[in-house]
Amino acid sequence: MSSRTLHAPTRGCTSPHAAPCPHRARPAASALPPAARSCEQLGPGEGAMPHEWPRPPPPPPPGSGTPRAARGTGRGGDVRPGAAEEDEGESVAVRTLRVPRMKMVGAVLLVTLCLCAVPLGSGSERCDDWGVDTMKQIQIYDGEPAKIKCPLFETFLKYNYSTAHSAGLTLIWYRIGQDRDLEEPINFRLPDNRISKEKDTLWFWPALLNDTGNYTCMLRNTTYCSKVAFPLEVVPKDQGSCVSHSIKPVEQMFYLEYANEKITCPDIDGFYPASVTPSVKWYQSCRLVDGFNERHPQGTKLVIGVVRSAYEGNYTCIVTFKDHGRTYNLTRTVKMKVVGSPNNALPPQFTSPNEKVVYELEAGDDLVLPCEVFFTFLKDSRTEVWWTIDGKNTDDILEAKVTQSEIPRRFEDKTIIRTLTIAKATPEDLKRNYTCYARNARGESHSQAIVHMKETCKIRPQALLAEQP
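Add 154 to a position in the sequence shown, counting from 1, and you land on the number used in the working numbering.
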């Protein structure tokens, strides 16, 4: 006996033969992207049921299970606020009904499909796929807790998770494991709730090596989706070391000779309650900080009595705490960078051009003028160097070619060299005014290059004849 497959949403617009669908209260359509508008707000041809979303598991028989709200649990089996709404959203997918051909006429009369605005399968469903966000490559330690926020709300969308959730949009997580091609929904029903979700955050208690892979978070409803993927790497610590060399440390800058500065152990908020005081140990290059000169631990902070260049390096904090009877560690490394004090910051300092250097050339020679400027470190200050020819910026002069290089100095000071080149300079080129400008937050300076054309020595024939005996 042959059969046909009919796709129908488990939620959607109300049909004339069914009770109204329970819609959540939503903000005005103008406050949300077209994706978040309800079926009633969509115009003709603006949306359709997507096919690719995973089908939900079949519902339990009446009276055989607990309500869905009671199954949305967080760590340790506690009911997690908002879990009911999140889990309910996961069931917004497509459901397959197989109807025998003999009973098709009756089935058509009994089954009402709720489609919004356009016919099913028209191909007009909307999904914004942002691809793989390689800028958000995340590395975490094997055997340690970790949390990952969905990048959609940080980079790609103009609204936050709360706004999206209240508008009926649901956040779904997927992953592609190592050496696999198939994207699968993340299993949130592992023993001890090892992987869980809370709002726009994915939690690992703890992360394991086989959690490495590409993760996708998808925000969607029945007419729209937006998704982005990002790589996650779970790495072990190097043998005999407190860290892994493959994980890049967080960099913190400290001003030279400042007193009572503190290195803060980063990214540990939310892993344990504020009422819990964890155990913290500090290491410099994996050597326990104990009795160090002008450096002593103070909980999740390391106090630096006086900032000195000799104290630069990598400092690691290992935070130990208990959760539901299990002990966890958090390992974080900070690279201490000593920079110049703002008290000693200066306006740009010119090395060249200067009044002591004269550029003498013949017509047809290449004119090469280096502008070398020294900049002291200034946090968040722009450093700019540019040339002008007769008061005009070189960007507006076709025959002028400009290149730039940078030389780093101690304490994040630097030298910028901006070179102006004019190939086969004409006599007119050698008479122009060439001035280099430089600017930072402390001020603007300029220096003019002195350019002369070489004079050729002309010998008059009559003078030579007069000197002959």
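Ideal Cβ positions, reconstructed from N, Cα and C, are used throughout, including at glycine. Here the structure is a predicted model, which means the values were calculated and not measured.
Pull up the DSSP beta-bridge partners for residue i, would you.
i	result
residue 325	373
residue 408	492
residue 469	438, 488
residue 583	Residue 583 is not bridged to any residue.
residue 476	481
residue 504	527
Would the beta-carbon of residue i fall within 7 Å of that of residue j?
i	j	result
residue 287	residue 388	no
residue 458	residue 411	no
residue 588	residue 577	no
residue 437	residue 470	yes
residue 360	residue 420	no
residue 560	residue 570	yes
residue 573	residue 548	no
residue 405	residue 533	no
With a CB to CB cut of under 6 Å and the five nearest residues on each side skipped, what residues in its chain are close to residue i?
i	result
residue 501	596, 597, 599
residue 530	494, 499, 500, 567
residue 328	337, 339, 370
residue 330	337, 367, 368
Which two residues bound the contiguous beta strand (DSSP E) that contains residue i?
i	result
residue 606	597 to 607
residue 554	554 to 562
residue 450	449 to 452
residue 285	280 to 286
residue 358	355 to 358
residue 459	455 to 460
residue 300	300 to 303
residue 511	No beta strand (DSSP E) holds residue 511; DSSP gives it neither H nor E.
residue 548	Taken as a continuous stretch (DSSP letters only), residue 548 belongs to no beta strand (DSSP E), as it is neither H nor E.
residue 592	588 to 594
residue 524	521 to 529
residue 389	378 to 389
residue 414	413 to 418
residue 352	349 to 352
residue 572	568 to 576
residue 426	From DSSP, residue 426 is part of no beta strand (DSSP E); its letter is neither H nor E.
Of the choices the options, whose alpha-carbon is the least far from that of residue i?
i	options	result
residue 368	285, 605, 492	285
residue 409	444, 460, 434, 394	460
residue 575	592, 554, 561	554
residue 462	510, 565, 561	565
residue 316	355, 344, 299	355
residue 297	325, 326, 349	349
residue 601	608, 391, 593	593
residue 282	311, 485, 293	311
residue 538	591, 357, 609	591
residue 435	429, 444, 509	444
residue 384	302, 513, 504	302
residue 294	401, 319, 324, 396	401
Sorted by chain position, which residues of the same chain lie with C-beta nearer than 7 Å to residue i's C-beta, five sequence neighbours on each side aside?
i	result
residue 506	524, 525, 526
residue 306	371, 373, 380, 382
residue 403	468, 487, 488, 489
residue 432	426, 473, 474, 475
residue 544	586, 587
What does a CB cutoff of less than 8 Å around residue i pick up in its chain, not counting 5 residues either side in sequence?
i	result
residue 579	515, 517, 518, 519, 520, 521
Between which two residues does the alpha helix (DSSP H) harbouring residue i extend?
i	result
residue 320	315 to 320
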